[in-house]
Amino acid sequence: MELLFTTTLWFAAIGCGLMAGVYFAFSAFVMKALAGIPIANGVAAMQSINRVIVSSAFLPLFFGTTIAGLALAVLPPLFWNADSAIYAAIGGAVYVLGMFVCTVAFNVPLNNKLAAQGPTSEEAALFWQTYVRTWSRWNHLRTAASAAASTLFIYAISLR
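So for the sequence shown, our numbering puts the first residue at 869; every next one is plus one.
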């Protein structure tokens, strides 16, 4: 069980770090770049990104890290009485709530609404500004939650 806990911690720390990087890129420059080009092009580009991302290495990392985070949020307090277990549990909770729940509750519905529109439609043009602003706000939270969870997992590893 010790090896499983340590392996899961390492996987979660690295996975959360990678996820934070992906989300940071969108928060720092991708969404700003898409918002700065003609609306139809921005909509079409984001629709393409959303189609491609679900068949890329992103999705296994997204779900794998979420499963690891959930396991670390729930299991360590039941099996270990070490400081590392506390930080692992907090990191798991931060990640699952701040990244996964946020994604499912906010970013994915926005993506679905955008996907249902033609890039050159009047509806897409009206929705685009709200989409960029709202999607980006929730993405900032995902970035922070992923980075915080990675930090907590690394700290938990350092305590072992």
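Glycine is no exception: its CB is placed at the ideal position from the N, C-alpha and C atoms. As the structure is a prediction and not an experimental result, all values here were calculated from the model.
Check                                                                                    : Outcome
N-terminal and C-terminal residue of the alpha helix (DSSP H) that N975 is part of       : From DSSP, N975 is part of no alpha helix (DSSP H); its letter is neither H nor E.
Assigned exposure category for M869 - 16 Cβ within 10 Å defines buried                   : exposed
Collapsed DSSP secondary structure at T875 in the structure displayed                    : helix
Pair within 8 Å by beta-carbon distance, S895 and T998                                   : no
Closest Cα partner of M967 within the set W878, M899, F892                               : F892
Every unbroken beta strand (DSSP E) inside the stretch 897 to 925 [3 residues or more]   : none
Three-state secondary structure assigned by DSSP to R1028                                : coil
Residues near G910 by beta carbon distance below 7 Å, same chain, minus five either side : L902, A903, W996
C-alpha distance - L929 paired with G883, whole-angstrom precision                       : 7 Å
Same chain, Cβ closer than 6 Å to I907, neighbours up to 5 away in sequence not counted  : A993, W996
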